[in-house]
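Novice: Sequence lines, in order, name chains A and B. Under my numbering, the first sequence has 214 at position 214, and the numbering climbs by one with no breaks. Under my numbering, the second sequence has 467 at position 119, and the numbering climbs by one with no breaks. All residues carry an ideal CB built from backbone N, CA and C; glycine is no exception. Since this is a predicted model, take the numbers as computed values, not measurements.
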Amino acid sequence: MSVALTSIWVASAALAGFSVILMIYLILRRIILDYFRRSRSKRAERLKTLIFNYLNDDLKLDAFAKRIRAKDQRVLLSLAGRLIRGLKSAPQQKLIILLNKTIDLKVQIKELSEGSDAERAALCSQLTWAKNTDVNEAFWSLLKDPSSEVVLSAANALIDCGQPLELVDFLQIAEANDMLSHRGIRELVRRVASDQTDELCTLLKHPNSAIVSIAADALGRIRSTQGLNELADVAEHNPNTDVRSSCIRALGLIGHPEAGWAVTICLEDEAWPVRAQAAIAAGRIGLVDLIPLLSVSLNDSEWWVRFRAAEALLQLGDAGSEVLSRATNSSDTQKATIANLAIMEAQA
Amino acid sequence: MGNLFTQIIDTVDRLYTAGITMLATSTNRIAELTAFLPNLSSNEIAVICALSIGWIILANGVFLNLTYLLQLIMAYKALRRRGRIPDATEAWWRLHEQTVPMSILVPAYAEEATIVESVRSLLALQYPTFEIIVVCDGSPDRTLDVLREAFELRPTVRAYDPALETETIRGIYDAPRYNRLLVIDKDNGGKADALNAAINVARCPLVCAVDADSLLESDSLLRVVQPFVEDIDKVVAVGGTIRVANGCTIERGRVTDIHLPKDILSLFQIIEYLRAFLMARLGWSELGSMMMISGAFGIFKRSILLDVGGYSRNTVGEDMEVILKIHRLMSDADRDYQMRFIPEPVCWTEAPRNLRDMGNQRKRWARGSLESFFRHRDMLGRFKYGFAGSLGYLNILITDVLGPPLEVLGYLTIPILYSVGLLNIDFLLAFLGLTFVFGIFLSVGSLILEEMELKRYSNPWDLAVLTYVAVIENFGYRQLNNIWRVIGWWQYIRGKKAWGSMTRAGF
């Protein structure tokens, strides 16, 4: 018992002492590192000045290259990576020529497989100017990386480099890595959606509901009429509420009147998110024929369905507005309230 | 001393005899039981009692500190794993197209001194799509008036589903020049009621509850939304770090320069907040047992808050209580979910500068913890609720429920028992080690995490001062906090509900 008690206070004292000594060491280290950090920030400032002088033709390429040391490369890459995004094509090309001359790509490719996930992901986006076979191969190999951040960054880099990233293959990788709920996947799919609408239509039949939702979302965002029938079919028959909701939303964004029958079916869906999206779609597409159904939806059990139906009526011209105005005087208080709210909000 | 010792023994002896007599005359069975008890002398009984008390207090201290040690280790692991953190510009480029629209909810009561600066700082946040909903909760001062003057508010209509019950909303206002801003004026109903009103009116899928006296850093939303970006389906709530703004330079609603305050109370609170967020929250997040997301800076899926019925109005610990409700809902529905803590996004807040306000705050926090704990006590130890029910709830039991009273009991009894010779020096040293010395390790350990991974304090002298404060806070300040928490216990038993007030200096 005495040993146990002794060990408690000895351990406490030892840990406390150790932590204080470690903190003192860190403070001293900070003082020393602050000096070198000032040097590093001076380096970044120096490189910035050099880059701007070069872009302004005050400094020749060879002169620039002579002033770059090996340890400047990473900082130069980081600075240039940010600048390239904001530049117009002529200075952008000039900067790319500079980077091609000064950056040792072999070293950077090696660093793509080292370091933390965040560093490797950042490096992917900083190397897209290279358009080099070895760099592209490195990006392709990173698609198998276990980190979702790195995979996404590599995939985006491949797109930036004009590489043919197949959506079907990429989404399979994402599915295998359990990445489908990453928002970045949707953005990436949207980037290539315009060139791969056939593939997106095929993906609407995929057994994984997340992939179907992603494909529907992309088709909606690019306003492609190519997948109208498939989207309508999925909106009507898919057992997953999120999928039906995504499809009907996409149909609303596409805005083609041929989606009318799918919207009609979905206005009576068992799930309220689908009914709400269908009401929104009716308004967006301008489906005047659905005014009677929307009027019935003003009595829906779910507030959001009622409100979206009221909003849709307001978007359907004089006929819709008239129906809504009449609803404000309805003996049904629920209907009258929602009609009043929608009109007042639209006028506010 | 000899006389005192004799008197104590005599008293214990008399009590023991009286107690045994009472028990023996009550039932025959108890009389039979007492017949088997060894024939102990008064001294021996006194020593047994003293040892029992001593061991219970020490065991509590050991469990408490082992819990803290676990948090520190897990927090360190989480920080080391996260790698390089992008700066604000890079974070924007990487995330701005992937973010989810967010409603920032700002309940405001008697905030006329700081509300305009707070709202201005929120309007300048770097985030693609968001709205700010300020709720004037029946303020007795000019909170609504100053907002009206500063932002040229005008009455508007905003249709909303009154899914959560709240006090009457008197009016909704928008600002022609600030289309992200909405102000709700309502009858007083408390912070939870104000938040529920804002949740009703909010239109974005994510909501961020922020205190009206807090200042968010400009990139904090962009950083705190990252878990939702990575897994929008599973993540239901994320918390950020709260830091003490006392002493910092604040310009136009932004902390532009981080300095240490001059008063010792604020310095103590800096260390305390580092421990609470960098160590505890991060540690529990890593273990998958977040039991608390601060009401001053927490992001939730709006749908989840609606599913749990919003914030509970009849508690002062509504922030902890809503987390427990979410754990319960998701576990009962057998849904896969995550609650996370991110250390980088920072919300700066004004900490109390005097003992009265600090005491009121700590007592209220204690009451809130106890209310939440007992309300959901059936979650304790049940593996159905995953790590939250087993580890997380056990942690609340040890640190918030049993810990403070046992530790305060220790302050009173252990020295006395040692001085009368009932406990030996090893006991005393073990107790001092656990309650005073180990705390130094935890406080300085949190500071080490801050310096190794986050480096917010640019001045080495500030770090030296904080190290000194981290040592001395364990000799007085920590004990005072425990006393306040025990008073909070007492207030909880007596059913006290009031929030109390705080004197604000303003930014």
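Once DSSP output is grouped into helix, strand and coil, what is the label at B:LEU417?
Specialist: If DSSP states are grouped into helix, strand and coil, B:LEU417 belongs with the helices.
Novice: Which partner residues of B:ILE481 appear in the DSSP bridge assignment?
Specialist: Its beta-bridge partners are B:LEU453 and B:LEU530.
Novice: Tell me, please, which residues DSSP counts as bridged to B:ALA557.
Specialist: DSSP, once it has assigned bridges, lists B:LEU453 and B:GLY646 as partnering B:ALA557.
Novice: For B:TYR521, list the residues DSSP reports as bridge partners.
Specialist: Answer by DSSP bridge pairing, in chain order: B:PRO503 and B:VAL531.
Novice: Can you tell me whether B:LEU563 is helix, strand or coil according to DSSP?
Specialist: Correct three-state label for B:LEU563: strand.
Novice: In terms of residues, what are the limits of the alpha helix (DSSP H) holding B:MET668?
Specialist: Its alpha helix (DSSP H) spans residues 666-680.
Novice: Look at the alpha carbon of B:SER296 and the alpha carbon of B:ARG602, and state the distance between them as a whole number of angstroms.
Specialist: This structure does not reach residue 296 of chain B, given that chain B is present from 349 up to 855, and the question cannot be answered.
Novice: Please report how far the alpha carbon of B:SER469 lies from the alpha carbon of A:PHE64, in whole angstroms.
Specialist: If I take the Cα positions, the gap works out to 42 Å.
Novice: Closest by CA to A:GLU111, which one among A:CYS201, A:CYS124, A:LEU251 and A:THR102?
Specialist: Considering only alpha carbons, the answer is A:CYS124.
Novice: Tell me whether B:MET349 sits in a helix, a strand or coil according to DSSP, three-state version.
Specialist: Note that B:MET349 scores 46 on pLDDT, short of 50, meaning its location in the model is unreliable; the coordinates nonetheless yield the value given after this. The answer is coil: DSSP assigns B:MET349 none of H, G, I, E or B.
Novice: Quick one: residues in its chain with C-beta nearer than 7 Å to the C-beta of B:SER389, no 5 flanking neighbours on either side, listed in chain order?
Specialist: Cβ neighbours of B:SER389 beyond the five flanking positions: none.
Novice: Whose C-beta lies closer than 6 Å to the C-beta of A:LEU142 among residues of the same chain, with five residues either side of it excluded?
Specialist: Cβ within range, chain order: VAL150 and ALA154.
Novice: Is it the case that the Cβ atoms of B:ALA542 and B:VAL483 are separated by a distance below 8 Å?
Specialist: In this structure, B:VAL483 lies closer than 8 Å to B:ALA542 by Cβ.
Novice: Distance cutoff 8 Å, beta carbons only. Does B:THR747 sit that close to anything in chain A?
Specialist: Output row for B:THR747: interface = no.
Novice: Touching or not, the stretch 480-496 of chain B and the stretch 586-604 of chain B, by the rule of three or more beta carbon pairs under 8 Å?
Specialist: Output reads no: the stretch 586-604 of chain B does not touch the stretch 480-496 of chain B.
Novice: For B:GLU798, which residues from the same chain have a beta carbon less than 7 Å from its beta carbon, with the 5 sequence-adjacent residues on both sides left out?
Specialist: The residues are LEU622, LEU626 and ARG804.
Novice: What are the residues in the stretch 296-310 of chain A lying within 7 Å of chain B by C-beta distance?
Specialist: So the list reads TRP303, TRP304 and PHE307, given in the order they occur along the chain.
Novice: Among A:ILE338, A:ALA210 and A:ILE248, whose alpha-carbon lies nearest the alpha-carbon of A:GLU268?
Specialist: The shortest C-alpha separation from A:GLU268 is found at A:ILE248.
Novice: Could you tell me if A:LYS106 is buried or exposed, where buried requires 16 or more neighbouring beta carbons within 10 angstroms of its beta carbon?
Specialist: Exposed, because fewer than 16 other Cβ atoms sit within 10 Å of the Cβ of A:LYS106.
Novice: Check whether chain A comes within 8 Å of B:THR328, counting only Cβ atoms and requiring the distance to be less than that.
Specialist: Outside the displayed span of chain B (349 to 855) sits residue 328 of chain B, for which this structure offers no information.
Novice: Quick one: which unbroken alpha helix (DSSP H) runs of 4-plus residues sit fully inside the stretch 577-647 of chain B? Chain order, please.
Specialist: Counting only runs of 4 or more, we get 612-622 and 630-635.
Novice: Can you tell me which of A:ILE32, A:ASN136, A:SER194 and A:SER331 puts its alpha carbon nearest to the alpha carbon of B:ASN807?
Specialist: It is A:ILE32 whose Cα lies nearest to the Cα of B:ASN807.
Novice: I need the boundaries of the alpha helix (DSSP H) containing A:GLU230, first residue and last residue.
Specialist: Its alpha helix (DSSP H) spans residues 228-237.
Novice: So, does the CB of B:MET800 fall closer than 8 Å to a CB anywhere in chain A?
Specialist: Judged by the 8 Å Cβ criterion, B:MET800 is in contact with chain A.
Novice: B:LEU811 CB to nearest chain A CB: under 8 Å?
Specialist: Output row for B:LEU811: interface = yes.
Novice: For A:LEU127 and A:ALA157, which I take to be in contact (beta-carbon distance under 8 Å), what is that distance rounded to the nearest angstrom?
Specialist: Between A:ALA157 and A:LEU127 the Cβ distance is about 7 Å, and since that is below 8 Å, they are a contact.
Novice: Per DSSP, which residues does A:GLN196 bridge with? Please list them.
Specialist: DSSP, once it has assigned bridges, lists no residue as partnering A:GLN196.
Novice: Quick one: residues in its chain with C-beta nearer than 6 Å to the C-beta of B:TRP832, no 5 flanking neighbours on either side, listed in chain order?
Specialist: Once the five neighbours on either side are set aside, the close Cβ partners of B:TRP832 are GLY707, ARG710 and LYS711.
Novice: May I ask you to list, following chain order, the residues of the stretch 87-115 of chain A that have a beta carbon less than 8 Å from some beta carbon of chain B?
Specialist: Residues GLY115.
Novice: Would you say A:THR328 faces chain B, with C-beta separation under 8 Å as the test?
Specialist: No, A:THR328 does not count as interfacial toward chain B.
Novice: How should B:ALA523 be labelled, buried or exposed, when 16 other C-beta atoms within 10 angstroms of its C-beta is the threshold for buried?
Specialist: Buried, because 16 or more other Cβ atoms sit within 10 Å of the Cβ of B:ALA523.
Novice: Can you find a C-beta in chain A that's less than 8 Å from the C-beta of B:VAL792?
Specialist: By this cut-off, B:VAL792 is an interface position.
Novice: Assess contact between the stretch 278-286 of chain A and the stretch 249-256 of chain A, defined as three or more Cβ pairs (one per stretch) separated by less than 8 Å. Is contact present?
Specialist: Segments in contact, yes.
Novice: Quick one: is A:VAL323 buried, meaning 16 or more other Cβ sit within 10 Å of its Cβ, or exposed?
Specialist: A:VAL323 comes out buried.
Novice: Beta carbon of B:GLY688, beta carbon of B:VAL817: below 8 Å?
Specialist: Gly is not the amino acid found at residue 688 of chain B; the sequence shown has Arg there. In this structure, B:VAL817 does not lie closer than 8 Å to B:ARG688 by Cβ.
Novice: Taking only the alpha-carbon atoms, compute the straight-line gap between B:ARG551 and A:GLN347 and give it to the nearest angstrom.
Specialist: If I take the Cα positions, the gap works out to 18 Å.
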